[in-house]
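Q: One structure coming up, written as structure tokens, with questions to follow.
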Amino acid sequence: MSDFLRATYEVARKEVLQHIRTKRLLIIAGIMLFLLVMVTLVFGPQVTKDANVGGGTGNSDHPFTNALENMVLTVYFGVSLVGGLQFTQLLAIVLTGDAVCSEWSNRTIFLLLSKPVSRVAFVTGKLLGNLTTVFVTIGGLFILDYGLMQFFYAGSPDGAEVAGFFLMLVFILLGCAAFASISLFFSTITKSTLMSFLYTLGVWLIGFPILGSIGVFTSLRDAARDGTVQNFYDLPQVQAWLYLNPVADMQAGLRALLPHDTGDTAQFLRLLNFFNGAPNDSGLAALMLVVYTLIFYGLSVLVVKRRNFE
Amino acid sequence: METVLQVRGLRKRYGQIEALKGLDLEVQRGEVFGFLGPNGAGKTTFTKCVTGFVRPSAGQITVLGQDAIRHPTRVAPHLGLVPDQYDFYGNLSGWQHLDFYGRLLSMPKRERDARIDEVLGIVRMEEGAHRRVKGYSHGMKQRICIAQAILHKPELILFDEPTNGLDPKGAVELRDLIKGLAKDGTTVFLNSHLLNEVEQTCSRVAILDKGRLVTVSSVAQLRRRSGGAGAVVVRVANPSAKLATAVKTAIKKAAKAEGDGISFLADEDQTAKAVAAIVKAGGQVTGVERANASLESAFLELTQGDSA
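Which chain is which? The protein sequence lines are G and H, in order. Everything in the first sequence is counted per our numbering, starting at 32 for the first residue and increasing by one. Everything in the second sequence is counted per our numbering, starting at 161 for the first residue and increasing by one.
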């Protein structure tokens, strides 16, 4: 193994070991598990009951018609509705948000970097260690909950549905990678853990939604000027901006849950986000999440390589 | 003699402030080299340049023939560091830290485990090693820090204020450890403000003042340099800058008013002249304290009375 890979692996391993031994991960994972189970046991049957009122599988007026063809899918839409996606993003942000700045402010970085660890290996190990923790936690919890649902609702998912679930999970993990990378970057530009979290939260909750909504704003302006009313989300200029919001890119992954994407899906996804909906092309959305991850990782490396650790 | 650490024209600038002003230094194998200077002289900046935490504005640093500025990871396996300011990961144990650092140093498991036990014995930390670090006292942390610095038997160890937090017994043990390391051929670079510690441990000393090296010589030479002059403090009831000026004029040496005294370096005759000058300038002398010639005297003379 090369020196770089060894150093990266050891830093990542230490990061995971630290997370396992902190209460932070236990608390967040515990809350998330609680939410998932509650959604599974309480929210799922409620949505199903509403759908049955509308005729079960065939009421085309009901926005969730397609979703309700299978209860397991329905419950997963429920997860999204109660903020499941946002919670996965939060987990990635909370675990990674102090990755570099806490090493600096706690002065643990001085002993670490006095060993044969290049700064690139340090940043890479930090990202990989945090991603491993996030992936195992979120992947484990979602798979556990998916299994629970099969048990409680005696579902018999077909191959396409299981594949859809795992595809959705991949989207969630790609999104987590993007948010972990973004928080890693902000943890490199400041020595303060608080400031790092504030920057990341600001970008997550304000910056990206505004960026993703620029197309909507300009279309609204044009519509007001022209006096025309149209479905903004299908306009190319609106779609183009949506890809710049990783939250929306993650939501595009929810399509994977629907084997029959007939148009209700898009309407459903819009309900999840009042401002920008989700982009139409899930593949491009996934690519954008990868691009975000790589860009912010690269920026983190650049900052740490040039940093004087006083 | 093999040069272990070589520094040429080292400069570090922070905006308008030049923290290091063209340092030239050589440290030979097996030396215990003391690095002294008043607060803010640039000692820690120098250490951070050698370890790669801070990039110098100009100059060269070579450790065992390797460029420490361009290739810090090539130098790191030969270097041990006990920094002035550091901490550990609170939720990992002392043993886990040493294991982590040993892994980073590519030490094979069997060798690593054996060496961890050995160094824990050297720093007398066998008992608390498996407890989480967040329950450690500062002294215990300092012992683990020393253990990680000697874990891989480096050829050069940088100690930055290493006795901070150690009890007197621990400090004596550390001094013995440093002497033992030097006997085994390890080079020790000791950055300390404790002149007594440097005097007891080091063979050569460099004194840094305001980013500039004012001298590099053996401890014995430095003692001789001070001649018969010792550090003098004349206690007065009415200290003022005017009294310090009177002393400067009388004995042609630096003097300053500090607390309830006027301090300067002087031999016995000069001390008498200085006291007379203070009385003549209106000072109400309440006592005179005079230390014998020592490294401290030379240090004060070279740094014009700044405190270490």
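Glycine is no exception: its CB is placed at the ideal position from the N, C-alpha and C atoms. Predicted model only: the values in this text are computed from it and were never measured.
1. Using a Cβ cut-off of 8 angstroms (strictly closer), state whether R291 (chain H) contacts chain G.
2. Out of curiosity, what's the CA-to-CA distance linking T204 (chain H) and D320 (chain H)?
3. V214 (chain H) CB to nearest chain G CB: under 8 angstroms?
4. Taking the Cβ atom as the reference point for each residue, do G219 (chain H) and L170 (chain H) lie within a distance shorter than 8 angstroms?
5. Counting only runs of 4+ residues fully inside the region 212-284 of chain G, write out the alpha helix (DSSP H) ranges in chain order.
6. Would you mind sorting H290 (chain H) into buried or exposed? The rule is 16 or more other CB atoms within 10 Å of its CB.
7. Exposed or buried, R55 (chain G), counting other C-beta atoms within 10 Å across all chains shown (16 or more means buried)?
8. The alpha helix (DSSP H) with K269 (chain H) in it runs from where to where?
9. With a threshold of 8 angstroms on Cβ separation, who are the neighbours of I174 (chain G) within its own chain once the five nearest residues in sequence on each side are excluded?
10. Just mark R337 (chain G) as buried or exposed, buried being the case when its beta carbon has 16 or more other beta carbons within 10 Å.
11. Looking at C-beta atoms only, is the number of pairs between the region 437-446 of chain H and the region 395-414 of chain H that lie closer than 8 angstroms three or more?
12. When the Cα of V334 (chain G) is compared with those of G:L315, G:L215, G:G246, which residue comes out closest?
13. Around the C-beta of V42 (chain G), are 16 or more other C-beta atoms found within 10 angstroms, so that it is buried, or is it exposed?
14. Give me the subset of the region 129-150 of chain G whose CB atoms are less than 7 angstroms from a CB atom of chain H, sorted by chain position.
15. Output the residue ranges of the alpha helix (DSSP H) runs that lie fully inside the region 133-176 of chain G and measure 4 residues or longer, sorted by chain position.
16. If you draw a straight line from the alpha carbon of N90 (chain G) to that of V68 (chain G), how long is it in whole angstroms?
17. In chain G, which residues lie less than 7 angstroms from R263 (chain H) when you measure between Cβ atoms?
18. Any beta-carbon of chain H closer than 8 angstroms to the one on A60 (chain G)?
19. Considering only residues of the same chain and omitting the five flanking positions on each side of I345 (chain H), which have a CB-CB separation below 6 angstroms?
20. Using a beta-carbon distance below 8 angstroms, is N339 (chain G) in contact with chain H?
21. Does the beta carbon of Y246 (chain H) come closer than 8 angstroms to any beta carbon on chain G?
22. Anything in chain H within Cβ reach of K45 (chain G), meaning under 7 angstroms, just list it in chain order.
23. For the alpha helix (DSSP H) containing N356 (chain H), name the first residue and the last one.
24. Compute the distance between the beta-carbons of G371 (chain H) and G202 (chain H), then report whether it is under 8 angstroms.
25. Please give the ranges of any alpha helix (DSSP H) in the region 279-365 of chain H, keeping only runs that are unbroken, at least 4 residues long and fully inside the region.
26. What are the boundary residues of the beta strand (DSSP E) that includes F195 (chain H)?
27. In the DSSP output, what is F424 (chain H) paired with across the bridge?
28. Indicate the three-state DSSP secondary structure (helix, strand or coil) for G262 (chain H) in the structure shown.
A: According to the structure shown:
1. Locating residue 291 (chain H) in the second sequence gives position 131, counting from the first residue. Answer no: the Cβ-Cβ gap between R291 (chain H) and chain G never drops below 8 angstroms.
2. Looking up residue 204 (chain H) in the second sequence gives position 44. Looking up residue 320 (chain H) in the second sequence gives position 160. In a straight line, the C-alpha of T204 (chain H) is about 7 angstroms away from that of D320 (chain H).
3. Taking the first residue of the second sequence as 1, we reach residue 214 (chain H) at position 54. Chain G places a beta carbon closer than 8 angstroms to that of V214 (chain H), counting this residue as a contact.
4. Taking the first residue of the second sequence as position 1, residue 219 (chain H) is located at position 59. Taking the first residue of the second sequence as position 1, residue 170 (chain H) is located at position 10. Taking 8 angstroms as the Cβ cut-off, G219 (chain H) and L170 (chain H) qualify as a contacting pair.
5. Counting whole runs of 4 or more residues, the region 212-284 of chain G contains the alpha helix (DSSP H) stretches 224-233, 239-257, 267-273, 277-283.
6. Walking along the second sequence from the start, residue 290 (chain H) turns up at place 130. Flag for H290 (chain H) reads exposed.
7. For the purposes of this step, residue 55 (chain G) is taken as the residue at position 24 of the first sequence. When all chains shown are included, R55 (chain G) counts as exposed.
8. Here residue 269 (chain H) refers to the residue found at position 109 of the second sequence. Per DSSP, K269 (chain H) belongs to the alpha helix (DSSP H) from 269-282.
9. As a working note, residue 174 (chain G) is residue 143 in the first sequence. Result list for I174 (chain G): L200, in chain order.
10. Sequence index remark: in the first sequence, residue 337 (chain G) carries index 306 (1-based). Exposed: under 16 other Cβ atoms inside 10 Å.
11. The region 437-446 of chain H is in contact with the region 395-414 of chain H.
12. Numbered from 1 along the first sequence, position 303 holds the residue referred to as residue 334 (chain G). Among G:L315, G:L215, G:G246, the Cα nearest to that of V334 (chain G) is on G:L215.
13. If you number the first sequence from 1, residue 42 (chain G) lands on position 11. Label assigned to V42 (chain G): buried.
14. Shown in chain order are the members of the region 129-150 of chain G whose Cβ falls below 7 angstroms from a Cβ of chain H: N137, R138, T139, F141, L142, L144, S145, K146, P147, V148, S149.
15. Here the runs fully enclosed are 140-144.
16. Within the first sequence, the letter at position 59 stands for residue 90 (chain G). Within the first sequence, the letter at position 37 stands for residue 68 (chain G). In this prediction, N90 (chain G) has a pLDDT of 42, which is less than 50 and means its spatial position is unreliable; nothing more can be read from the coordinates.
17. Taking the first residue of the second sequence as position 1, residue 263 (chain H) is located at position 103. By Cβ distance, chain G contributes E41.
18. Here residue 60 (chain G) refers to the residue found at position 29 when the first sequence is read from its first residue. Judged by the 8 angstroms Cβ criterion, A60 (chain G) is not in contact with chain H.
19. As a working note, residue 345 (chain H) is residue 185 in the second sequence. Residue identity check: residue 345 (chain H) is Gly in the sequence provided, not Ile. G190.
20. The count along the first sequence starts at 1 and reaches residue 339 (chain G) at position 308. Output row for N339 (chain G): interface = yes.
21. Residue mapping note: residue 246 (chain H) aligns to position 86 of the second sequence, counting from 1. At least one chain G Cβ lies under 8 angstroms of Y246 (chain H).
22. The residue you call residue 45 (chain G) lines up with position 14 of the first sequence. What K45 (chain G) touches in chain H: F260.
23. Position 196 of the second sequence, counting from 1, holds the residue named residue 356 (chain H). For N356 (chain H), the enclosing alpha helix (DSSP H) has its first and last residue at 355-361.
24. Indexing the second sequence from 1 puts residue 371 (chain H) at position 211. Indexing the second sequence from 1 puts residue 202 (chain H) at position 42. The answer is yes: Cβ separation under 8 angstroms.
25. List check, alpha helix (DSSP H) in window: 298-310, 328-343, 355-361.
26. Position 35 of the second sequence holds residue 195 (chain H). Boundaries of the beta strand (DSSP E) around F195 (chain H): 192-196.
27. Here residue 424 (chain H) is taken as the residue at index 264 of the second sequence, counted from 1. F424 (chain H) is bridged to H:V392, H:A415.
28. The residue you call residue 262 (chain H) lines up with position 102 of the second sequence. Of the three classes helix, strand and coil, the one that applies to G262 (chain H) here is helix, per DSSP.
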